[in-house]
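**Student:** Sharing a structure below in structure tokens format, with a few things to ask.
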Amino acid sequence: MNRPFRFLIRSLKFSNLRVGLNFKTTKGFGGLIAAFMLLATLPGCQEKDPSMTIGAIYNLTGSQKNLDIASSEGAQLAADEINAKGGLLGKPLNLIIEDGETNTSVIAEKTAALIAEQPDMPVLIGMSDTDVTLAAARVAAENKRLFITSGATSPLLPKEVPDYLYLACYGDNVQAAAAADFAYHDLKMRNAIVLYKEDMSYTGLLRKYFETSFTGLGGEIVLSRGYKAGSFAGAVSGLPGTDFIFLSASPDEVIDGVRALRNAGFTGPILSGDGFDIGAKWAELPNESNVYFTTHADVDADNTSAEVVAFRAAYARRFPGQEPDAFTALGYDTVNLVAAAVTKAGAFEVAAIRDALSTLKDFDGITGNISFNKGSQIPVKSVTLMQVDKGGEKFIREVLPTNVPAP
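Everything in the sequence shown is counted per the working numbering, starting at 14 for the first residue and increasing by one.
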């Protein structure tokens with residue numbers, strides 16, 4: 014039979030290399046054999062990919078991008094440094110970052126797809142908010158994979174996804190206790206108004222823990238008022254007198270919220286949590302210096318610690334012209350935390366990594382000293398106190414609160 018034979022291969026994937034080939038021959042299967050001989054020389058066809066893969070789901074677009082782009086850059090920097098030192102257990106580290114688009118459906122779909130494409134991948138990392146973290150972590154747990162969130166601070170997360178979801182950051186109850194203690198003992202404030210964004214887990218929990226902590230110290234909550242996204246006009250109208258305001262807002266609303274309070278005539282201190290760590294965005298309020306917030310680390314240029322100086326220099330080489338922030342440091346620490354657990358475990362396998370992580374002590378990160386008590390999926394670590402200072406941020410001190418509300 015001498016009719017032409019056509020053989021078409023579309024988008025075959027070999028070790029992340031997609032290949033499209035179109036072979037035509039009039040001499041039987043000779044061309045087909047030649048085609049497979051050619052494919053056999055491509056990377057990934059001769060042996061299994063030797064790298065160790067960590068998946069990362071970060072919201073590089075949408076309302077969470079200001080936090081997650083920074084964290085993803087820190088994660089990339091850590092992976093680069095690990096590979097420059099020989100990788101993990103002698104193998105290259107392959108960090109695959111997917112954009113969750115700040116959409117829980119997209120996040121769940123991309124998490125599932127990444128696990129399907131990387132069946133030997135035991136760990137995923139990412140996210141800076143509770144709701145989006147759950148979308149990824151639940152899929153990871155269903156597939157018996159660990160998920161380590163770099164910045165989602167809800168202490169309820171481990172109960173939502175037992176055994177598989179760990180935090181690389183402190184819980185909201187810890188940072189709320191630090192803020193309450195600072196307001197009561199340092200600023201000598203005795204009564205507060207609490208304004209919080211409704212329908213968001215982070216802002217609701219932070220508000221609850223702050224109120225519990227502040228009243229536990231002897232302070233009084235004069236008013237606790239929720240508001241819908243963007244509706245600051247109603248939130249700030251008719252406020253009674255108070256020493257200070259605790260504003261539990263999402264990062265994209267911080268500038269508008271502070272501006273609305275000042276325009277309404279409130280001149281006293283405004284306090285909040287790590288959602289206020291918005292870096293260069295404070296330049297939009299160049300005269301503001303009466304705002305305080307808790308966060309994960311001080312990585313500004315005036316921090317002279319050897320670790321922060323080295324971190325900033327490495328970041329500048331990797332991302333020229335950009336400034337790192339606390340969420341950059343969280344992403345960086347999360348990848349290095351995984352690497353430390355893998356090294357301690359001596360294996361790239363879920364159970365071994367989980368056992369190593371749950372007993373990891375005194376990991377020296379940019380965001381502080383990190384330890385896990387056995388049975389806990391939230392680390393023990395300090396909180397950084399910061400002050401907004403004329404369009405910038407100024408370090409106050411690090412604290413490790415002791416009177417912390419239960420999750």
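Even for Gly, the Cβ is constructed at its ideal location relative to N, Cα and C.
(1) State the start and end residues of the unbroken alpha helix (DSSP H) segment that holds K98.
(2) Looking at C-alpha atoms only, which residue of L274, E224, P264 is the closest neighbour of G247?
(3) Am I right that Y345 and F324 are in contact with their C-beta atoms under 8 Å? What's the rounded C-beta distance?
(4) Got a sec, what are the start and stop residues for the beta strand (DSSP E) R238 sits in?
(5) What residue range does the beta strand (DSSP E) around I67 cover?
(6) Compare the C-alpha of E155 against each of T307, I128, K172 and name the closest.
(7) Under 8 Å: do the stretch 382-395 and the stretch 183-191 share three or more Cβ pairs, one atom per stretch?
(8) Could you give the first and the last residue of the continuous alpha helix (DSSP H) run that contains R330?
(9) Cβ of R255 within 7 Å of Cβ of I291?
(10) Count the other CB atoms within 10 Å of the CB of H198; is the residue buried (16 or more) or exposed (fewer)?
(11) Indicate whether the contact test is met: 3 or more Cβ pairs, each with one atom in the stretch 114-133 and one in the stretch 75-89, closer than 8 Å.
(12) Is it buried or exposed, P63, if we count other Cβ atoms within 10 angstroms and call 16 or more buried?
(13) Between which residues of its own chain and E411 is the CB-CB distance below 6 Å, once the five residues before and five after are set aside?
(14) Is F306 helix, strand or coil when you go by DSSP?
(15) Which whole-angstrom value is the C-beta distance of Y240 and L208, which I expect to be below 8 Å?
(16) Along the chain, where does the beta strand (DSSP E) containing S285 start, and where does it finish?
(17) Just tell me which of R220, L284, I268, F376 has its CA closest to the CA of A293.
(18) My parser needs the beta strand (DSSP E) runs of 3 or more residues fully inside the stretch 163-223; what are they?
(19) With DSSP collapsed to three states, give me the class of S498.
(20) To the nearest angstrom, how far is the alpha carbon of E224 from that of L236?
(21) Please say whether L108 and V67 have beta carbons closer to each other than 7 Å?
(22) Kindly indicate which three-state DSSP category Q59 falls into: helix, strand or coil?
(23) Leaving aside the five residues before and after A342 along the sequence, list all residues of the same chain whose C-beta is less than 8 Å from its C-beta, in chain order.
(24) Once DSSP output is grouped into helix, strand and coil, what is the label at T397?
**Tutor:** Looking at the coordinates:
(1) Going by DSSP, K98 is part of no alpha helix (DSSP H) at all; its letter is neither H nor E.
(2) Of the listed residues, the one whose Cα sits closest to G247 is L274.
(3) The C-beta distance from Y345 to F324 rounds to 7 Å, short enough to meet the 8 Å contact threshold.
(4) It spans 233-240 - the beta strand (DSSP E) in which R238 sits, taken as one unbroken run.
(5) Segment 65-71, the beta strand (DSSP E) holding I67.
(6) Nearest C-alpha to E155: I128.
(7) When Cβ pairs closer than 8 Å are counted between the two stretches, the stretch 382-395 is seen to touch the stretch 183-191, the count reaching three or more.
(8) Note, R330: alpha helix (DSSP H), 319-331.
(9) This sequence places Thr at residue 255; Arg is not what is there. Between T255 and I291, the C-beta spacing is not below 7 Å.
(10) So H198 counts as exposed.
(11) Because the criterion of three Cβ pairs below 8 Å is met, the stretch 114-133 and the stretch 75-89 touch.
(12) Exposed is the call here.
(13) Correct list, in chain order: S395, T397.
(14) Strand, per DSSP.
(15) With a Cβ gap of about 6 Å, Y240 and L208 count as contacting.
(16) Element bounds for S285: 283-285.
(17) Taking only the C-alpha atoms, the option nearest A293 is I268.
(18) Runs of the beta strand (DSSP E) lying entirely within the stretch 163-223 and spanning at least 3 residues, in chain order: 178-180, 204-210.
(19) Given a span of 14 to 420 for the chain in the structure shown, any question on residue 498 remains unanswerable.
(20) E224 and L236: Cα-Cα distance of roughly 10 Å.
(21) One detail in the question is off: residue 67 reads as Ile in this sequence, not Val. Judged by beta-carbon spacing, L108 lies within the 7 Å limit of I67, meaning their Cβ atoms are closer than that value.
(22) Note on Q59: pLDDT 43, under 50, position unreliable in the model; no value is reported.
(23) Closer than 8 Å at Cβ, skipping near neighbours: G87, H309, A310, V312, F324, G378, I379, T380.
(24) DSSP, read as helix, strand or coil, puts T397 in strand.
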